[in-house]
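Inspection log for the structure reproduced underneath, given as structure tokens.
Residue numbers (the working numbering): 3 to 403.
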């Protein structure tokens with residue numbers, strides 16, 4: 003089917019543009035939204051506006067701007083990629099002062115999340131873009147402009163003959179190629195573009211994309227992280243949020259870059275509104291602001307999980323050895339063990355645990371039934387007539403505004 007061909011060609015384009023190795027990198031996406039009941043009380047009380055598509059979207063974008071200002075906390079607290087396989091550098095140059103261990107692992111002593119660095123899942127061609135997060139209309143127009151902007155670098159993969167090598171030769175093939183630590187989202191309908199969905203129905207939720215897979219959890223994230231993220235994101239929403247100009251945006255990028263490469267370095271300095279501030283001092287002020295939010299969530303949910311989660315994360319700033327990146331690197335250094343071998347050990351451990359568990363909500367018969375239904379749906383889709391793929395692609399991009 004043409005839709006499936008398009009998704010496959012998009013991935014082929016990513017492979018050509020950034021290399022097959024980058025497709026092996028995985029992270030966790032954390033989706034966050036607030037119910038209508040919240041907006042119906044919050045927005046009239048704080049902005050004097052009724053809760054509607056535009057006012058809710060504007061509030062989510064305000065939260066996104068604050069998230070970008072404080073996003074450096076996420077790789078510090080939850081980054082778990084202080085090392086990488088040397089194969090990621092094959093054919094690439096790096097000025098980073100890597101050290102070696104095992105049979106081919108490279109690491110940085112104070113790194114937190116090399117997955118979030120320019121050696122990870124990034125798009126260097128986007129470095130010149132300024133995707134505006136000040137208003138939804140500006141965000142949509144800046145993202146659409148990137149999809150229309152030709153790239154000299156990617157033009158070498160362009161061909162009008164099949165097999166095609168990418169969807170187009172522009173800076174972004176489609177919206178999904180924007181690599182950002184957070185994105186505003188609206189569920190899309192069949193063949194609907196993400197920017198069209200946002201323009202028509204506004205922001206439904208936000209997608210946090212800065213989380214490494216937690217190697218110390220069998221499912222890649224634990225409850226403590228989730229409780230903390232709820233508090234952190236509410237904090238980003240409740241804070242006043244000024245517009246981000248290009249300099250302010252660049253400052254957020256530099257802070258994230260500094261933390262992913264040397265976040266555990268003693269005395270590391272960041273930039274806040276053009277002024278130098280130590281990572282620890284900034285974190286302390288943010289935790290002070292988050293404490294009342296955690297206390298309120300504890301009260302209304304009759305729990306102490308939110309404040310406990312906050313305390314656990316705050317301890318990591320006092321003692322960097324408690325961070326996942328430090329714990330992981332310590333295990334590798336103690337055993338002179340490559341990161342790949344350590345990952346395989348953990349994977350086998352979690353696989354054994356999973357196989358020992360009984361089904362909790364469904365049984366095996368249910369999953370086999372779902373598999374059969376999926377195959378039948380697949381066959382029905384492929385049996386439908388399709389226009390030529392090149393025509394399908396041309397029509398898809400014709401109405402991109």
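We treat Cβ as the ideally placed atom computed from N, Cα and C, and that holds for glycine. Please read these numbers as outputs of a predicted model, since none were measured by experiment.
Within 10 angstroms of the beta-carbon of residue 67 lie 16 or more other beta-carbons, which makes it buried.
Pairwise C-beta distances place the segment 68-76 out of contact with the segment 85-94, as fewer than three of them are shorter than 8 Å. Residue 257 and residue 273 have their C-alpha atoms some 7 Å from each other. Membership of residue 51 in any alpha helix (DSSP H) is not indicated, and neither H nor E is assigned to it by DSSP.
Closest in alpha carbon position to residue 147, among 333, 336, 173, is 173.
By the C-beta criterion, the segment 11-31 is judged to be in contact with the segment 212-224, since at least 3 inter-stretch pairs fall below 8 Å. In the same chain as residue 338, and ignoring 5 residues on each side of it, the C-beta atoms closer than 8 Å to its own belong to 103, 104, in chain order. Cβ-Cβ distances below 6 Å link residue 316 to 289 in the same chain, with the five nearest sequence neighbours on each side left out; the list follows chain order. Three or more pairs of CB atoms, one per stretch, sit closer than 8 Å, so the segment 52-65 contacts the segment 191-205. When secondary structure is reduced to three states using DSSP, residue 29 falls in the strand class. Distances from the CA of residue 32 to each of 262, 323, 227 were compared; the closest alpha carbon is that of 227. Counting every other CB atom within 10 Å of its CB across the protein chains shown gives residue 62 a total of 16 or more, marking it as buried. DSSP lists 208 as the bridge partner or partners of residue 34. According to the DSSP assignment, residue 12 belongs to the alpha helix (DSSP H) that extends over 4-20.
Of all C-beta pairs linking the segment 294-307 to the segment 233-243, three or more are shorter than 8 Å, placing the two stretches in contact.
Here the alpha carbon of residue 371 sits roughly 47 Å from the alpha carbon of residue 263. Contact between residue 79 and residue 318 holds, with the beta-carbon distance rounding to 6 Å and staying under 8 Å.
Selection 49, 167, 231 evaluated against residue 307 yields 231 as nearest (Cα-Cα).
Scanning the segment 316-367 from its first residue to its last, the whole alpha helix (DSSP H) runs of 4-plus residues come out as 326-337, 341-358. DSSP places residue 162 in the coil class of the three-state scheme, outside both helix and strand.
Sixteen is the threshold: since fewer than 16 other Cβ atoms of the shown chains lie within 10 Å of the Cβ of residue 369, the residue is exposed. Of all alpha-carbon atoms in 385, 320, 218, 182, the one lying nearest the alpha-carbon of residue 255 is that of 182. Between residue 217 and residue 348, the C-beta spacing is below 8 Å.
By alpha-carbon distance to residue 93, the top candidate from 83, 81, 121, 279 is 121. Under the three-state reduction of DSSP, residue 73 is assigned to coil, being neither helix nor strand. Ranking 142, 164, 191, 106 by CA distance to the CA of residue 392 puts 164 first. At a cut-off of 3 residues, the continuous stretches assigned as beta strand (DSSP E) that sit fully inside the segment 193-255 are 207-214. In the DSSP assignment, residue 297 falls within the alpha helix (DSSP H) that extends over 281-303. Put simply, the backbone Cα of residue 284 is about 59 Å away from that of residue 387.
Between residue 362 and residue 214, the C-beta spacing is not below 8 Å. Spanning the alpha carbons of residue 169 and residue 132 requires a straight line of approximately 22 Å. Secondary structure of residue 174 (DSSP, three-state): coil. Nearest in C-alpha terms to residue 166, of all of 192, 8, 376, is 8.
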